[in-house]
Amino acid sequence: MNNNKTYGIAMRNALILATLTILAFFLSANQKQHTPDRKPTILIKNIGDTASTPLKLSSLKVDVEIIGNLVTTTMEMTYYNPHNRVLEGDFYFPLGEGQTVSRFALEVNGKYREGVVVEKDKGRQVFEEVVRQKIDPGLLEWTKGNNFKSRIYPIPAVGYKKVLIAYEQELIDNGEGLLYNLPLNYQNTIDTFALNIVAYQQQIPPQIKENANLNIKFNQAQATFLASITELNFEARSQFSFILPKENDYQRVFVEEKNENESYFYINLSPEITKKAKVLPRKIALLWDASSSAKDKDIETELKLLDSYFRKIGNLQVELVIFSNDIHKTSSYNISGGNWDKLKQELLAVQYDGGTQLGAIDLSKYQCDEYIISSDGLSNFGDSEIKLSKSPIITINSCQQANHSYLKYIAQSTAGEYINLNNLNLEQAQEILASNPYSFINAVYDKNIISETYPSAKTKVTADFSIAGIMKGEKAEITLNFGYANDIKFSKKIIIEKKNKIQSSLIKRIWAQKKIAELDVMYDKNEEEITRLGKEFSIVTRNTSLIVLDRLEDYLRHKIVPPDELKEQYFAKLKEAKTRETKDEMEHLEMVVKMFNNRIEWWNKTFPKDKPKFIKQRERPMSQDADGIGAGEARPSRQARTEQITGAANRSQEQNYYSLALMPKSEEQTPVDVRKESVITLKKWDPQTPYLNELKSTRENEIYDKYLKLKEDYANSSAFYLDVADFFNEKGKKELALRILSNIAEMELENPQLLRILGHRLNQLGYYKLAAFIFAEVLKMRPEDPQSYRDLGLTYASDQQYQKAIDLLWKVVNKDWHQRFPEIELIALNEMNAIIATCGQVLDLSNIDNRLIKNLPVDIRVVLEWDADNCDIDLWVTDPYGEKCYYSNTDTHIGGHISKDFTQGYGPEEFLLKKAIAGKYIIQANYYGNRQQILAGATTIQCTLITNFGKPNEKRQAITLRLKDIKEVVDVGEFEFKQ
């Protein structure tokens with residue numbers, strides 16, 4: 006990610022883990038998905054479904070504590086699992102601008118166990134390892150924008166899961182006073198709901214703005230106002246909000262002791278603001294986000310804002326650019342006397358579809374006085390950086406889930422404005438559009454007494470302003486200057502006194518959040534410092550997560566400092582604890598060399614070509630293994646698994662597959678075997694889904710509109726987008742097919758399973774650069790999985806970026822991976838050597854051990870991989886003599902060899918045959934079973950069939966299939982060799 010992209014307000018705090026539902030409270034189960042309302046939910050998958058469904062929120066208790074303009078909201082949530090099965094759930098929680106999690110806890114043995122901050126990669130690895138032991142961890146991760154994803158396990162069968170989460174924020178003046186919003190957009194009735202509010206240091210009674218059907222009122226106790234209510238069978242369909250009116254000359258100063266000599270301070274005030282009209286533009290480029298998630302923006306309010314602005318300007322020219330995964334269209338409008346009805350009608354008619362690729366926008370193509378970009382700033386498909394120009398950029402966002410930091414960045418980089426309609430009313434937004442920005446210019450103080458004040462740079466001010474810093478001693482003085490550019494219009498001198506300190510950890514956390522927010526604009530440069538601050542102040546950032554573990558031994562094993570209640574035991578046992586010994590790099594390398602030498606020995610061996618006298622199974626290529634495991638069952642050992650032939654499998658599935666780019670020839674040392682003619686045939690697959698049947702019966706000029714209508718019912722199904730994209734591609738509508746496919750990137754923030762499916766399909770369609778972007782994102786999310794490096798490396802090879810390809814594949818070879826991935830080093834080594842031998846380029850091999858550089862070309866290679874963790878898919882290859890090569894028969898009479906059995910997810914499994922005999926080779930996939938603690942839906946498999954692998958005349962085809970039923974066997978395709 007380059008510097009422009011480093012946006013994202015460090016994402017607040019410990020948002021923790023919550024994995025669950027918890028974060029639920031705030032927002033949408035479907036994250037940057039297609040749901041306009043925000044509702045708390047844990048998402049699970051029902052058997053056979055490709056879309057997720059929410060668990061019921063049974064009870065919710067909310068405590069709101071306000072000190073001045075600083076608020077802590079604490080939520081205790083209980084979710085109910087009605088299923089007769091222990092589940093793992095996903096929770097998606099977008100925070101609003103300026104909100105950050107301060108606490109997360111899960112119930113352990115009847116008490117809440119607090120979450121602790123760890124590095125993101127470590128948190129994920131520990132979480133998954135502990136889940137496999139069927140113990141109760143929780144994990145919360147920052148995704149894109151100010152959005153978080155949380156996972157929780159276990160959710161008891163026919164039982165409840167309790168989660169606690171708290172988040173902090175600075176209230177913003179909306180023109181009427183300090184506005185507090187509590188989203189209560191719930192899907193189901195809440196059995197028990199309680200709300201308690203206390204506002205300290207409040208002189209004027211709070212005013213309820215939206216009551217969400219709650220009969221609640223504030224009562225005064227000296228300088229404090231309180232409100233409380235409990236409701237049974239609570240039904241809320243809107244938000245609850247209230248205003249804290251401010252007295253004239255509003256100012257608050259808070260101090261928190263850091264140590265004996267230093268203190269954190271926080272200042273909040275309402276500076277005197279003057280207005281200065283700007284020179285209005287005469288030519289504007291309006292860039293309108295038409296991605297699937299953009300349909301959730303408040304279009305009505307955005308159009309009102311544009312209406313007032315265009316009417317104020319009067320006569321102007323507008324260049325309209327509609328975009329999602331790419332530019333949809335551009336059109337020009339001449340507006341006279343503020344009448345923009347034609348342009349408005351076009352905006353109202355926009356069809357929202359596709360992922361978001363902000364990098365598709367090159368502002369230099371549109372010469373104008375000002376740019377207006379209507380978007381949430383969340384780019385998820387391809388290049389994510391807008392190519393900026395010199396004219397000011399106004400960014401407008403009305404979505405709760407947004408990349409506020411990036412939208413601010415591109416606006417401030419061009420002397421423009423970021424208008425967040427979630428925090429501003431229409432009148433305030435109109436004033437910002439029509440005025441020059443009024444800003445905090447600088448702070449003046451004795452640098453021997455005060456240090457590290459944030460913000461330190463110019464910052465736009467619309468109403469309130471706050472600053473935090475560190476001071477030495479008992480008393481300090483600071484002067485805050487405000488105005489336009491460097492023209493100071495208002496100054497305020499403030500005295501800070503330690504004697505007025507409060508007993509709270511809130512001030513130091515606000516200071517840390519402000520520092521992280523400033524550093525995050527240049528994330529790549531400041532990553533290490535941001536990570537350090539996140540861990541020190543328990544704040545979730547891009548590179549940190551919050552984890553809750555059940556047992557002390559888990560904290561010890563993974564060297565994670567636990568919450569306070571376990572620290573004494575932890576440090577007492579840390580010296581005694583024996584850490585597990587792992588192979589060092591050299592030991593692992595020697596093991597790989599040994600495995601590779603065994604592979605070379607196999608490759609050099611001459612195998613018979615006659616028919617074997619005995620074949621382990623019947624000569625029925627389409628045999629089915631009836632010995633399977635059910636969902637959640639443990640798989641028997643290879644020795645215990647016996648095969649029973651129960652009959653032919655008729656389920657043939659396929660899609661249109663496209664040949665990946667062939668690698669150019671490098672040297673002549675790898676001969677081409679011209680004696681054999683080979684054909685790869687993929688089995689034709691028709692998913693036979695209702696939506697495809699409807700599209701097939703629709704007129705050609707109406708199929709896109711029909712798809713958009715069907716999308717309303719299938720918006721959360723990746724299978725829908727895969728199938729429909731294929732349908733459009735078959736009809737030659739490639740741009741629309743790509744747009745439809747890109748919706749998968751919109752479905753869920755940072756879901757590596759969905760992104761892997763998308764990446765493989767992009768590869769099959771030949772969009773290698775887009776696929777590389779997708780797999781690079783997966784690698785950031787899942788660096789603990791060797792498949793992440795391999796997928797990206799092979800994609801680079803398809804895109805002829807061979808050096809990058811072998812560097813990534815060497816990482817797979819050279820690292821000691823989890824035992825779940827047996828001998829994946831050999832598979833990657835095989836691929837790396839084939840690239841070196843056939844790419845036709847001189848590559849830097851200095852990091853690679855010479856003992857491992859040898860190409861081992863073969864006539865047939867088949868690779869099977871799938872998208873699900875803890876799921877077992879078997880590759881079967883049956884040769885012309887009827888002998889099947891699979892987990893129980895890894896080496897065949899004629900020299901077929903299959904790799905180690907991946908029983909716990911992802912694959913790959915690989916079949917090799919150096920010298921093929923004449924005849925047909927049948928390729929099948931067997932869904933053996935899964936251990937997933939989710940209600941598993943369809944599993945997507947990717948199978949690549951290759952002839953002459955590692956030779957200049959290599960050919961390959963790939964296919965993606967979906968398996969739903971355990972014990973299901975599908976025909977993938979076949980090779981036919983003719984002598």
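Take 6 as the starting number for the sequence shown in my numbering and just add one per residue. The beta carbon of each residue, even a glycine, is placed where N, CA and C say it ideally should be.
Open item on the list: Going by beta-carbon coordinates alone, are Ile366 and Leu292 separated by less than 8 Å?
Closed with: In the sequence shown, the residue the question calls residue 366 occupies position 361. In the sequence shown, the residue the question calls residue 292 occupies position 287. Yes, Cβ-Cβ distance for Ile366 and Leu292 is below 8 Å.
Task: Per-residue DSSP class, three states only, for Pro99 - done: If you number the sequence shown from 1, residue 99 lands on position 94. In this structure, Pro99 counts as strand in the three-state DSSP scheme.
- [ ] For the region 275-345, list the beta strand (DSSP E) runs that are entirely contained and at least 3 residues long, ordered along the chain.
- [x] 288-294, 321-328 and 332-340
Open item on the list: So for Gln212, helix, strand or coil by DSSP?
Closed with: Along the sequence shown, read from residue 1 onward, the residue named residue 212 stands at position 207. In this structure, Gln212 counts as strand in the three-state DSSP scheme.
Task: Residue environment, Met591, which counts as buried when at least 16 other CB atoms sit within 10 Å - done: Position 586 of the sequence shown, counting from 1, holds the residue named residue 591. Label assigned to Met591: exposed.
Task: Any C-beta of chain D under 8 Å from that of Asp804 - done: Absent here is chain D; the protein component of the structure consists of one chain.
- [ ] Note the first and the last residue of the continuous alpha helix (DSSP H) segment covering Met987.
- [x] Nothing about residue 987 can be reported from this structure: the residues present for the chain run from 6 to 984 only.
Task: Where the alpha helix (DSSP H) containing Asn531 begins and where it ends - done: The residue you call residue 531 lines up with position 526 of the sequence shown. Element bounds for Asn531: Tyr528 to Phe542.
Task: Separation of Lys739 from Ser471, as counted between CA atoms - done: Within the sequence shown, the letter at position 466 stands for residue 471. Within the sequence shown, the letter at position 734 stands for residue 739. Each residue's Cα considered, the two are about 51 Å apart.
Open item on the list: Classify Gly360: buried if its beta carbon has 16 or more other beta carbons within 10 angstroms, exposed otherwise.
Closed with: Position 355 of the sequence shown holds residue 360. Answer is buried; the Cβ neighbour count reaches 16.
Task: Collapsed DSSP secondary structure at Asn190 in the structure displayed - done: As a working mapping, residue 190 is identified with position 185 in the sequence shown. Correct three-state label for Asn190: strand.
Task: Close-in-space but distant-in-sequence residues of the same chain around Gln36 (CB under 7 Å, 5 per side omitted) - done: Counted from its first residue, the sequence shown places residue 36 at position 31. At Gln36 the pLDDT is 33, less than 50, meaning the model places this residue with poor confidence and gives no usable figure here.
Open item on the list: Just to confirm, is the Cβ distance from Tyr933 to Asp877 under 8 Å?
Closed with: Against the sequence shown, residue 933 aligns to sequence position 928. Against the sequence shown, residue 877 aligns to sequence position 872. Yes, they are a contact pair.
Open item on the list: Please report the straight-line C-alpha distance between Val135 and Arg129, rounded to a whole angstrom.
Closed with: Looking up residue 135 in the sequence shown gives position 130. Looking up residue 129 in the sequence shown gives position 124. Distance between the alpha carbons of Val135 and Arg129 is about 10 Å.
Open item on the list: Our contact map puts Ile475 next to Glu173 with C-beta atoms below 8 Å; I'd like the distance itself, whole angstroms only.
Closed with: As a working note, residue 475 is residue 470 in the sequence shown. As a working note, residue 173 is residue 168 in the sequence shown. No, Ile475 and Glu173 are not in contact; Cβ-Cβ is about 19 Å, not under 8 Å.
Task: Per-residue DSSP class, three states only, for Thr703 - done: In the sequence shown, counting from the first residue as 1, residue 703 sits at position 698. Coil, per DSSP.
Task: First and last residue of the uninterrupted alpha helix (DSSP H) at Ala226 - done: What you label residue 226 is simply residue 221 of the sequence shown in a count that begins at 1. Per DSSP, Ala226 belongs to no alpha helix (DSSP H); it is in the beta strand (DSSP E), Asn224 to Ala226.
Task: Same chain, Cβ closer than 6 Å to Gln947, neighbours up to 5 away in sequence not counted - done: Stepping through the sequence shown from its first residue, residue 947 is reached at position 942. The answer, listed in chain order, is His765, Glu870 and Thr965.
- [ ] For Asn224, count neighbouring C-beta atoms within 10 Å of its own C-beta (all shown protein chains included) and say buried if the count is 16 or more, exposed if not.
- [x] What you label residue 224 is simply residue 219 of the sequence shown in a count that begins at 1. Classification of Asn224: exposed, given that the 10 Å Cβ count is below 16.
TODO: Using DSSP bridges, identify the partner residues of Tyr84.
DONE: To locate residue 84, count along the sequence shown from 1; it is residue 79. Looking at the DSSP assignment, Tyr84 forms a beta bridge with Leu62 and Lys166.
- [ ] Compare the C-alpha of Glu573 against each of Arg562, Leu557 and His563 and name the closest.
- [x] As a first step, residue 573 must be located in the sequence shown, where it is residue number 568. Taking only the C-alpha atoms, the option nearest Glu573 is Leu557.
Task: N- and C-terminal bounds of the alpha helix (DSSP H) containing Ser496 - done: Walking along the sequence shown from the start, residue 496 turns up at place 491. Segment Asp492 to Glu502 is the beta strand (DSSP E) holding Ser496; no alpha helix (DSSP H) there.
Open item on the list: If you reduce the DSSP assignment to three classes, tell me which class His898 lands in.
Closed with: Counted from its first residue, the sequence shown places residue 898 at position 893. Note: His898 maps to coil in three-state DSSP.
Task: As assigned by DSSP and simplified to three states, the class of Trp822 - done: For the purposes of this step, residue 822 is identified with residue 817 of the sequence shown, where counting begins at 1. Reduced to three states, the DSSP call for Trp822 is coil.
Open item on the list: Please give me, in chain order, every unbroken run of the beta strand (DSSP E) with length at least 3 that falls completely inside the region 834-887.
Closed with: 863-871 and 876-883
- [ ] Within its chain, find whatever has a CB closer than 7 Å to the CB of Leu308; leave out the 5 residues flanking it on each side and keep chain order.
- [x] In the sequence shown, residue 308 corresponds to position 303, counting from 1. Taken in chain order, the residues that qualify are Lys349 and Leu352.
- [ ] Would you kindly work out how many angstroms separate the C-alpha atoms of Arg936 and Glu93, rounded to a whole number?
- [x] In the sequence shown, residue 936 corresponds to position 931, counting from 1. In the sequence shown, residue 93 corresponds to position 88, counting from 1. Summary for Arg936: the model assigns pLDDT 48, below 50, so the residue's position carries little reliability; its value from the coordinates is reported in the next sentence. If I take the Cα positions, the gap works out to 11 Å.
Task: Under 8 Å between C-beta atoms of Lys498 and Thr484 - done: As a first step, residue 498 is located in the sequence shown; it is residue number 493 there, counting from the start. As a first step, residue 484 is located in the sequence shown; it is residue number 479 there, counting from the start. Cβ atoms of Lys498 and Thr484: closer than 8 Å.
Task: Cα-Cα separation between His823 and Leu393, rounded to whole angstroms - done: Within the sequence shown, the letter at position 818 stands for residue 823. Within the sequence shown, the letter at position 388 stands for residue 393. Roughly 44 Å separates the two Cα atoms.
- [ ] Could you please give the first and the last residue of the uninterrupted alpha helix (DSSP H) stretch that includes Glu590?
- [x] Within the sequence shown, the letter at position 585 stands for residue 590. Per DSSP, Glu590 belongs to the alpha helix (DSSP H) from Glu590 to Asn609.
Task: Cβ separation of Tyr84 and Leu62, assumed to be a contact under 8 Å, to the nearest whole Å - done: The residue labelled residue 84 in the question sits at position 79 within the sequence shown. The residue labelled residue 62 in the question sits at position 57 within the sequence shown. Correct: roughly 6 Å between the Cβ atoms.
Open item on the list: Using only the alpha-carbon positions, how far apart do Lys263 and Thr197 sit?
Closed with: Numbered from its first residue, the sequence shown carries residue 263 at position 258. Numbered from its first residue, the sequence shown carries residue 197 at position 192. About 40 Å.
TODO: Taking only the alpha-carbon atoms, compute the straight-line gap between Tyr443 and Asn748 and give it to the nearest angstrom.
DONE: Locating residue 443 in the sequence shown gives position 438, where the first residue counts as 1. Locating residue 748 in the sequence shown gives position 743, where the first residue counts as 1. The straight-line gap from Cα to Cα measures roughly 39 Å.
Task: Boundaries (first-last residue) of the alpha helix (DSSP H) holding Arg766 - done: Taking the sequence shown and counting its residues from 1, one reaches residue 766 at position 761. Counting along the chain, the alpha helix (DSSP H) containing Arg766 begins and ends at Pro757 to Leu770.
Open item on the list: Using C-beta distances below 7 Å, list every residue in its chain close to Phe987, excluding the 5 sequence neighbours before and after it, in chain order.
Closed with: Because the chain in this structure spans residues 6 to 984, residue 987 falls outside the shown range and cannot be described.
Open item on the list: Helix, strand or coil, according to DSSP, for Arg562 in the structure here?
Closed with: Residue 562 sits at position 557 when you count from the first residue of the sequence shown. Correct three-state label for Arg562: helix.
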